[in-house]
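To start, the structure under review is shown below, and the notes come after it.
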Amino acid sequence: MTPQAKLIFTSSLILGTTITISSNHWITAWAGLEINTLAILPLIAKSHHPRAIEAATKYFLTQATASALLLFSAMMNAWYTGQWDITQLTHPTACLILTSALAMKLGLAPFHFWFPEVLQGSPLTTALLLSTLMKFPPMTLLFMTSPSLNPTLLTYMAILSTALGGWMGLNQTQIRKILAFSSISHLGWMAIIVSYHPKLTLLNFYLYSLITATVFLTLNTIKTSKLSTLMTTWTKTPALSTMLLLTLLSLAGLPPFTGFLPKWFIIQELTKQSMAPAATMISLLSLLSLFFYLRLAYCATITLPPHTTNHIKQWHISKPTPSAIAILTTTSTMLLPISPLILTTV
């Protein structure tokens, strides 16, 4: 792909995201989502591999269906109430259809099946965009319409997402698929709290995006996409492998890392809302995803290839660690001490 084409598609992605997150009218929000979808498709399919073409086709079909449902819910609400404002969504059927549309856009269970397949067929940099930037516009729409949505339905969908994200990631060997199920699991934490404390959902999304960006950029630097190749990276890039270990533990939500921060706040808020059983259930289900994070961390740092007499040592990569990854790793692991400051902003 030529640099000019990349520039056009990247600019379109930024434009589409900006249009959606800054709009008050359903039609402009929908137009921004469509620009986003059309801009990411060439980035998914740029390798021309059959799996990449399949991923692009699956992505297009699911996003087109979700956009049609979103537009349909907006038109139904406008038909009954005369309002095209995003925050004035009051018709119950329109709210139900919108919940389905946004769940499909985000990859929230039970509309999650497309996401691991699309991520597996995409390059690592495009997979990073799909996991973070492409989820930002639907997340802002979820934030803006949260007072109108059904909290019980969202709670059930959230618990299902966390359960499926944990269970289905257990037997994966492809790192992109593991990170896709990780994303589905994290979306459960975001969805369960959106009706009660929408700002916590955004905080969780920002921190999740930060940590996921660190993981994807590290994997892209060491050119790894399978567990079997991850096992040989320690001898080549020990510093990056150590960073990956810490970031994965943070993504798992273990204290004292940054990833523990949103989970702590969400459990606290759910308990305040008399939803202790839901908080207990989602916490226990997140232990499933902890298993595959630990397996990734184990493969990245502890497992060495077998040292036989004819085993050739891997060469160390003499290039320094990229400064962006160093900064991202620091923020991905060390923000917990400033949690009182973060709490004042949400």
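Residue numbers for the sequence shown follow full-length UniProt numbering, beginning at 1 and rising by one. Here a beta-carbon is modelled for each residue, glycine too, at the ideal position from N, C-alpha and C. Keep in mind that this is a model prediction, so the values were computed, not measured.
Going by beta carbon distance, what residues of the same chain come within less than 7 Å of residue i, once the five residues before and after it are set aside?
i, result
"K58", "W114, E117 and V118"
"S332", "L210, I211, T214, T247, S250 and T258"
"N220", "L124 and T125"
"W26", "A74, W84 and I86"
"L102", "P138, L141 and L142"
"F72", "I97"
"M281", "I159"
"T62", "M104 and W114"
"M157", "A103, L108, A109 and A191"
"residue 349", "Because residue 349 is not part of the residues shown, which for the chain are 1 to 346, the question remains open."
"S47", "P123"
"P198", "F143 and S146"
"L15", "I35"
Got a sec? Which residues, its chain only, sit under 6 Å from residue i by beta carbon, not counting five neighbours each side?
i, result
"S155", "The identity of residue 155 in the sequence shown is Thr, whereas the question assumes Ser. Hits under 6 Å: I192 and A278."
"S23", "A29"
"H311", "Confidence at H311 is low in this model, with a pLDDT of 49, below 50, so its placement is unreliable and the value that follows should be read with caution. Closer than 6 Å at the Cβ level, and outside the excluded window around H311, lies no residue."
"S241", "T233, W234, A300 and T301"
"T20", "A29, G32, L33 and P137"
"A127", "L119 and R176"
"G188", "A158, S161 and T162"
"I53", "A45"
"residue 347", "Outside the displayed range of the chain (1 to 346) lies residue 347, so it cannot be described from this structure."
"R51", "G121"
"K135", "L106"
"I342", "none"
Tell me which residue opens and which closes the alpha helix (DSSP H) that residue i is part of.
i, result
"L119", "W114 to Q120"
"Y298", "A276 to T301"
"S323", "S323 to T333"
"Q268", "F260 to K272"
"F216", "P198 to T221"
"T232", "That residue, T232, is in no alpha helix (DSSP H); it is neither H nor E in DSSP."
"T104", "According to the sequence provided, residue 104 is Met. The question's Thr does not apply to it. Element bounds for M104: P92 to L106."
"L341", "S339 to T345"
Compare the Cα-Cα distances from residue i to each of the options and report the closest residue.
i, options, result
"L270", "T330, I211 and S195", "S195"
"L153", "L98, Y80, T212 and V346", "L98"
"E258", "S283, T212, S122 and L287", "Here the sequence assigns Thr to residue 258, which means Glu is not the residue at that position. Per the Cα distances, T212."
"L170", "T237, F205, I53 and L285", "L285"
"T90", "S67, H48, T145 and A66", "T145"
"N36", "I8, Q268, A52 and H49", "I8"
"T93", "L149, T229, L160 and I266", "L149"
"I184", "Q174, Q172 and M168", "M168"
"A39", "A56, A239, T229 and A180", "A56"
"G165", "M231, T224 and H186", "H186"
"residue 348", "L207, A64 and T132", "Because the chain spans 1 through 346 in this model, residue 348 falls outside it and cannot be assessed."
"F292", "I178, Y208 and I327", "I178"
"K263", "L200, H49 and K236", "L200"
"T162", "L245, T237, S283 and T224", "S283"
"T344", "H49, A64, W79 and L203", "L203"
"A66", "M334, S274 and S100", "S100"
"M275", "L287, P340, A64 and P151", "P151"
"S182", "Q4, L328 and L290", "L290"
"P320", "L287, R295, K236 and I342", "K236"
"H112", "A180, L70, I266 and Q4", "A180"
"F205", "L70, P3, V346 and L69", "V346"
"G253", "Q268, T10 and L287", "L287"
"S339", "T2, F265 and L294", "F265"
Which residues does DSSP list as the beta-bridge partners of residue i?
i, result
"residue 371", "Not covered by the structure: residue 371. The range shown for the chain is 1 to 346."
"K226", "Q174"
What does a CB cutoff of less than 8 Å around residue i pick up in its chain, not counting 5 residues either side in sequence?
i, result
"L336", "P255, P256, F257, T258, F260 and L261"
"Q88", "N77 and T81"
"I325", "T214, L217, T218, T221, L240 and M243"
"L129", "L13, I40 and L43"
"T173", "K226, L227 and S228"
"T224", "I175, L230 and T233"
Tell me, please, whether the CB atom of residue i is closer than 7 Å to any CB atom in chain C?
i, result
"T145", "Looking for chain C here will not work: only one protein chain is present."
request  = Please specify which runs of the alpha helix (DSSP H), each continuous and at least 4 residues long, are wholly inside the stretch 122-162, giving them in chain order.
outcome  = For secondary structure counted as the alpha helix (DSSP H) over 4 or more consecutive residues, the stretch 122-162 holds these complete runs in sequence order: 124-131 and 136-145.
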